[in-house]
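Written below as structure tokens is the structure these notes are about.
Residue numbers (the working numbering), protein chains in the order written: chain V, 1461 to 1788; chain U, 88 to 408.
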């Protein structure tokens, strides 16, 4: 199969959906001629024109609300927030409006919109362009939160998100944009709320989100050389969460390491640990549930400091080794 | 538009229904029958009825937290509205939204909003959608003077003009954002001036207690929006007779000020106009008033005899299937 990048897969999903469904349109800052800050929408203005590629001035709140309002009358907008850090500016419309309109109107309306945004560190973009806020949105009933980690997944999950009748926070990782992988040329859906076992193993489960899935897979390739067989589970959708796949993996291996980039305190790892501890997997645990996550700091500028603030492959290897020898 | 008898009857009835609804809401609350709070629009009836009277049934409105009058003007079923106010299962929002979130999506009412300024960005999006759908429909987006200081308002004005959306933004300036007086900084003229700065097709203020003046300004703006002439901003100057909500002690204004505004009662003003022009007789106007209050009494009975939502249904409707 042909290989394309994660970034190209996103663009292809949007392009094919826009060709298929005239209700789909894009709205965001510098998504027109500029092609978006990361070039995800490059060329789409030429293809679809300014009527469907709505380039906005710097108005995160209003553009998010505009997507919500258009969805309320049956359009299917895709909003781009240039950096996830700026979802702080958009969150009134996302959290108070998009997420709640259906419920508070007693089910009279639907809000079929996608808010795409790149998260994460690793580009030297410092405190205001590097954050991972997924768990803020996971906390809001009415939103769905998707975090694709491969080119194949990102296309299928984005298509499903566009076709879903709910507001979706679609979190991309900047460092994944240039990663390559096999992606079918046609349209296909990956169901929301379905986890994927990225690597099957028997000794220890790593449940990772976002870029940490790729780092965990690298760690697993190192650890197998030492005879440690790691299973890597990628939830893909954080809300709704596929608890079944996670619980089954933990029951199989008896040990679980949770890895995410966002700050550990209040992060999604706590939710995963809670889900496992409450489930039948609890009785299968042979060691404590361990979380490896972002340090308790804003993301700094300096290369080494930035690197030290989020888990790296070596950190995952080390933690997995430790956990392999731990007992309850 | 020329005021014909049929419309005069309709407008007067809607204004009396609004007044009666608000008075009943207050009574029900005082009687301990209402769980939440409410925001009453007594004194602002002409702004709601005058503005919305310019729409076709297929057009849309989007409202604010003081929105009972807007719902009634858009043709809401009074029984379903009152049932929602009472938090009942057969209310417009199945008792999930209450006073601050009444919506009638099929009837073109895209809902009241609990966040001041929260509906304004949504209005821009509805406008974008309407333009793409090419069905020649328009939206009236209502908000208050308090919302005119929010970032949501300013960002939305910029996008609305940029995309030339078929939306008329209507600021119901009732003089107070909770306790903060509009005269302190955002006088009516200043709010309307923002429309000029941002490049609205038209920006103006009206005597919001004069139904026909409101109607005339909004009618022109609606026509322009429908013909592709872009958005307008209209400020209806009015006054809320009651406090912001039930917690209000009216410490920020005098009893004399309230009495002064009561003399400018929008319902009496319109009624007297109809009488002086011999469009309605005294007797006809009295009968309309009686009907308005009777309709609300019937809605109260309907609401009070309606079932509460079942707790087992709590999680329904969070997500679309």
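Backbone N, C-alpha and C define an ideal beta-carbon position, used for all residues, glycine too.
Within the stretch 1541–1626 of chain V, the complete alpha helix (DSSP H) runs of at least 4 residues fall at 1547–1551, 1561–1564, 1594–1598 and 1611–1623. Contact between the stretch 335–354 of chain U and the stretch 309–319 of chain U is not established, with fewer than three Cβ pairs separated by less than 8 Å.
For the C-beta of residue 286 of chain U, not a single chain V residue is nearer than 9 Å; the gap to the nearest is close to 13 Å. For residue 1548 of chain V, no CB of chain U lies under 8 Å from its own CB, so it is not counted at the interface with that chain.
For residue 1486 of chain V, the enclosing beta strand (DSSP E) covers residues 1484–1489. In terms of beta-carbon proximity, residue 1695 of chain V stays away from the interface with chain U, with every pair separated by 8 Å or more. When DSSP states are grouped into helix, strand and coil, residue 1640 of chain V belongs to the strand group. Under the three-state reduction of DSSP output, residue 361 of chain U falls in the helix class. DSSP lists V/1719 as the bridge partner or partners of residue 1668 of chain V.
Ranked by how close their Cα comes to the Cα of residue 101 of chain U, the residues U/125, U/152, U/157 and U/113 have U/157 in first place. Against chain V, the beta carbon of residue 134 of chain U has no neighbour under 7 Å; the closest one sits roughly 22 Å away. Taken through DSSP and simplified to helix, strand or coil, residue 311 of chain U comes out as helix. Against chain U, the CB of residue 1748 of chain V has no partner CB under 8 Å away; the residue lies outside that interface. Under the DSSP assignment, residue 382 of chain U falls in the alpha helix (DSSP H) whose first and last residues are 369–391. According to the DSSP assignment, residue 226 of chain U belongs to the beta strand (DSSP E) that extends over 226–231.
Residue 211 of chain U: member of the alpha helix (DSSP H) spanning 206–220, first to last residue.
Boundaries of the alpha helix (DSSP H) around residue 1506 of chain V: 1504–1508. The stretch 1648–1698 of chain V is shown to contain whole alpha helix (DSSP H) runs of 4 or more residues at 1671–1684, in chain order. At the C-beta level, residue 1540 of chain V and residue 1698 of chain V stay beyond 8 Å of one another. For residue 1754 of chain V, the enclosing beta strand (DSSP E) starts and ends at 1750–1754.
Here residue 92 of chain U is near residue 366 of chain U, since their CB atoms are less than 8 Å apart.
Per DSSP, residue 94 of chain U is one residue of the alpha helix (DSSP H) stretching across 92–117.
Residues of chain U with a Cβ closer than 8 Å to the Cβ of residue 1565 of chain V are, in chain order, 179, 180, 183, 184, 188, 190, 192 and 198. Under the DSSP assignment, residue 1702 of chain V falls outside any alpha helix (DSSP H); it carries neither an H nor an E label. Residue 213 of chain U sits away from residue 227 of chain U, with the two beta carbons spaced by 8 Å or more. Interface with chain U (8 Å Cβ-Cβ cutoff): residue 1480 of chain V is excluded. Against chain U, the CB of residue 1499 of chain V has no partner CB under 8 Å away; the residue lies outside that interface.
With distances taken between CA atoms, residue 153 of chain U lies nearest to U/190 out of U/144, U/120, U/190 and U/142.
By the rule that beta-carbons nearer than 8 Å mark a contact, residue 242 of chain U touches chain V. Here DSSP, grouped into helix, strand and coil, assigns residue 1536 of chain V to strand. At a Cβ-Cβ threshold of 8 Å, residue 134 of chain U and residue 325 of chain U count as neighbours.
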